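Engineer: Next up is a structure, given as C-alpha cells.
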Amino acid sequence: MTAPIFATLGCRLNAYETEAMKELAAAAGVQGAVVVNTCAVTAEAVRKAKQEIRKLARENPGAQIIVTGCAAQTEPETFAAMAEVTKVIGNTEKMQAETWNALRVPDLIGATEKVQVDDIMSVRETAGHLIDGFGRHRAYVQVQNGCDHRCTFCIIPFGRGNSRSVPAGVVVEQIKRLVDKGFHEVVLTGVDLTSWGADLPACPRLGDLVMRILRLVPDLARLRISSIDSIEADEALMGAIATEPRLMPHLHLSLQAGDDMILKRMKRRHLRDDAIRFCQEARRLRPDMVFGADIIAGFPTETEEMFAQSLKLVEDCDLTFLHVFPFSPRKGTPAARMPQVKGPLIKDRAARLRAAGDAALLRHLSAQQGVSHRILLESARMGRTEQFTEVRFGTDQAEGQIVTAVIQGAEAGRLLV
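Our numbering puts the first residue of the sequence shown at 91, with every later residue one more than the last.
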C-alpha cells in the first residue's frame, strides 16, 4: 500500500486544511487513498472538482477516492452518485482524528455509510488541529472559520458553517512555535477574517489579535493579513496599520462590486463610498499600502452603467491586484433566482475588468523601479516584497531569508532585481 495522495482545489484555507489532513491521515496510518479537497465558490468550481476526481481515478486505478471540502459539504449527493467515489466527508469530519482512524484499513472503506456529512451549522468551535508550518518559508495560520453573513451570491456559509474563532492565546502560541522553527512571515487566514473574536469572551476584534501577536511575538519579522471585509475594520486594526511596520502594507479586500444597487442586491454591508473612504484612510495611515480586491463581473440585473461603476472602482480605490470572478449562479442562493446577465456579456465584462487589473498592476510595477525593498525569498530566485509583489532575481539567493534589494525593472507581472 502507498501513502494517500491529496489534491486541493480552491482557497488558501483549503490548502491549509489539506496539510492538516495529511498529518491526520499519517497519524492514523491511512494508505491506498486519494483525497480530493473541493471548492464550492462557483458552479465552475464544482465542475472542476468532478473533473479532477475522474482524472485521479483513472491515474490511480483501485485507489479509494475520498471527497471532502466545501462542495462535498454543500452537495454530498452529487459526489456520492459518482461511481469513482468511495466516501464523501464533510468539512467538520475531515478535521477529526476519529474520521481518519476509521479509514485506517482501506478494505473497510465503504463498509459504513458512504456519506459522512453532518449539519455544519451546528458546529460551534473551530477544529482543534493546528499545523506548524504550512508553506516553506511563509506560514499560514487559520484563526477563524465560517461566516455569519448571507451574501446573495455565496454558498460558502453552507459549506463552512457559522463564524468560529480560535482564541488569541492559542494563535499566539502557534505563531511562537512557527518563529522558533525559522519562519519569518506569518499570514492570518479565515473565511471572514474581520469577524474574528465576535464569538469569544469580551468580543475582541481582529485588530486586538494583530496587536497582541506583534507585542507577544517580538521576533516575528512580518505579519500579514489575508482577505478582509473593509467595513468591519476596527479601530485597533487601523492603529496597527498606522504604527506597526511589521504588519505588511498589503490588504486584499472583499469588494465584489462598485455600484450601490448591485451591492444592495448582493446583500453586502458596504456601499461604494465606504470602500473608497477605507482605501483612502488606510493609505493615509500607511502611504505604501497596496490593495487587492475581489470583484464579480455580470452579477444578476447588472446594467452597463452599473458595471462601469465597478470598472471605475479599480481607479477610485487605486487597486493593484484584482481577482475577477465571472458571475456563476449557485443553486440554493438568492442570486440564482434573480434575472441573469447573458453569458457572453459576463465574459466580456470579466475581460474588461481583468484588463483594468493588468493596467493597475503595470502602474504599480513601474513605480517600484529604483526603489529599495525588503524581500522574503520563497525560492532561490523568487521572493515577495512587503507589498506582496513578486520579485525575480538574476542570481541564487538564500531561501527563506529576507534580503534588501533595489528594483531594476519589471517583466511579465513581476519585479526584477
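Virtual Cβ for every residue (Gly too), placed ideally from N, Cα, C.
The structure presented is a predicted model; accordingly, all values stated were derived computationally and were not measured.
Beta carbon of A161, beta carbon of A115: below 8 Å?
Structural biologist: no
Engineer: Who are the Cβ neighbours of D197 in its own chain at under 7 Å, not counting the five residues just before and after it?
Structural biologist: A caution first: D197 carries a pLDDT of 44, below 50, which makes its placement in the model unreliable, though a value can still be read off. No residues qualify anywhere along the chain.
Engineer: For A201, which residues in the same chain have their Cβ closer than 8 Å to its Cβ, ignoring the five residues on either side in sequence?
Structural biologist: Note that A201 has pLDDT 44, beneath the 50 cutoff, so the model's placement of it is unreliable and the number below is only indicative. Counting only Cβ-Cβ distances below 8 Å, and skipping sequence neighbours, we find nothing.
Engineer: Pick from E109, T475, H274: whose alpha carbon is nearest that of D309?
Structural biologist: H274
Engineer: Could you give the DSSP three-state label for S320: helix, strand or coil?
Structural biologist: helix
Engineer: Going by Cα to Cα distance, which pick from I155, L412, I366, V124 is closest to G382?
Structural biologist: L412
Engineer: As a quick exercise: from V507, A330, F389, T475, pick the residue whose alpha carbon is nearest that of M428.
Structural biologist: F389
Engineer: Between L306 and L337, which are expected to be in contact by the criterion C-beta below 8 Å, what is the C-beta distance as a whole number of angstroms?
Structural biologist: In fact, because the Cβ distance is near 14 Å, the residues do not count as touching under 8 Å.
Engineer: According to DSSP, is N104 helix, strand or coil?
Structural biologist: helix
Engineer: Run the CB neighbour count on Q154, radius 10 Å, all protein chains shown included, and call it buried at 16 or more, exposed below.
Structural biologist: So Q154 counts as buried.
Engineer: By DSSP's criteria, V276 is part of a beta bridge. Which residues make up the other side?
Structural biologist: A229, L313
Engineer: Please list the terminal residues of the continuous alpha helix (DSSP H) segment that includes G329.
Structural biologist: 325 to 333
Engineer: By DSSP, does T235 sit in helix, in strand, or in coil?
Structural biologist: Sequence check: residue 235 is Asn here, not Thr. Here N235 sits in strand by DSSP.
Engineer: Among the residues of its own chain, which have a CB less than 7 Å from the CB of R439, if the five just before and after it don't count?
Structural biologist: A387, G388, F397
Engineer: For the 8 Å Cβ check, are there 3 or more pairs between the stretch 156 to 174 and the stretch 228 to 244?
Structural biologist: no
Engineer: Would V231 count as contacting chain D if we go by Cβ distances under 8 Å?
Structural biologist: Chain labels in this structure do not include chain D; a single protein chain is all it has.
Engineer: Cα separation between T393 and E203?
Structural biologist: 48 Å
Engineer: Taking a contact to mean a Cβ-Cβ separation below 8 Å, would you say V178 touches P166 in this structure?
Structural biologist: Yes.
Engineer: Sort out for me which residues DSSP pairs S344 with in a bridge.
Structural biologist: D384
Engineer: Rounded to a whole number of angstroms, what is the C-alpha to C-alpha distance between L341 and I318?
Structural biologist: L341 and I318 have their C-alpha atoms roughly 7 Å apart.
Engineer: Can you check which of these residues, P377, P335, A323, is closest to H360 by C-alpha distance?
Structural biologist: For the residues P377, P335, A323, the minimum Cα distance to H360 belongs to A323.
Engineer: The alpha helix (DSSP H) spanning H454 covers which residue range?
Structural biologist: Its alpha helix (DSSP H) spans residues 433 to 457.
Engineer: Do A139 and Q121 come within 8 Å of each other at the CB atom, strictly closer than that value?
Structural biologist: In this structure, Q121 lies away from A139, with their beta-carbon atoms at least 8 Å apart.
Engineer: Give the C-beta separation of V414 and S462 to the nearest angstrom, bearing in mind that I take them to be a contact with Cβ-Cβ under 8 Å.
Structural biologist: Going by Cβ atoms, the distance from V414 to S462 rounds to 32 Å, so no, they are not a contact pair.
Engineer: Tell me which same chain residues have a C-beta within less than 7 Å of the C-beta of S316, skipping the five on either side of it?
Structural biologist: R102, V277, L278, T279, L283, H342
Engineer: Pull the bridge partners of I143 from the DSSP assignment, please.
Structural biologist: Partner(s): none; I143 has no beta bridge.
Engineer: If the criterion is Cβ atoms closer than 8 Å, does the pair G236 and S253 meet it?
Structural biologist: yes
Engineer: Note down, in chain order, each residue of its chain lying with its Cβ closer than 6 Å to the Cβ of E183, except the 5 sequence neighbours on either side.
Structural biologist: T189, Q206
Engineer: Where R148 and A97 are concerned, what is the direct C-alpha to C-alpha distance, given to the nearest angstrom?
Structural biologist: 14 Å
Engineer: Closest to R504 by CA distance: which of T475, V493, T485 is it?
Structural biologist: T475
Engineer: Taking DSSP as the reference, what is the three-state secondary structure of A130?
Structural biologist: coil
Engineer: With distances taken between CB atoms, is the gap from L345 to D384 smaller than 8 Å?
Structural biologist: Result yes, Cβ atoms of L345 and D384 sit closer than 8 Å.
Engineer: Just list the residues that DSSP pairs S469 with in beta bridges.
Structural biologist: Under DSSP, S469 shares a beta bridge with M472.
Engineer: When we look at the beta-carbon of R137 and count the other beta-carbons within 10 Å, is it buried (16 or more) or exposed?
Structural biologist: exposed
Engineer: G249: which of G180, S255, Y106 sits nearest, CA to CA?
Structural biologist: G180
Engineer: How far does the alpha helix (DSSP H) with R302 in it extend, from its first residue to its last?
Structural biologist: 296 to 306
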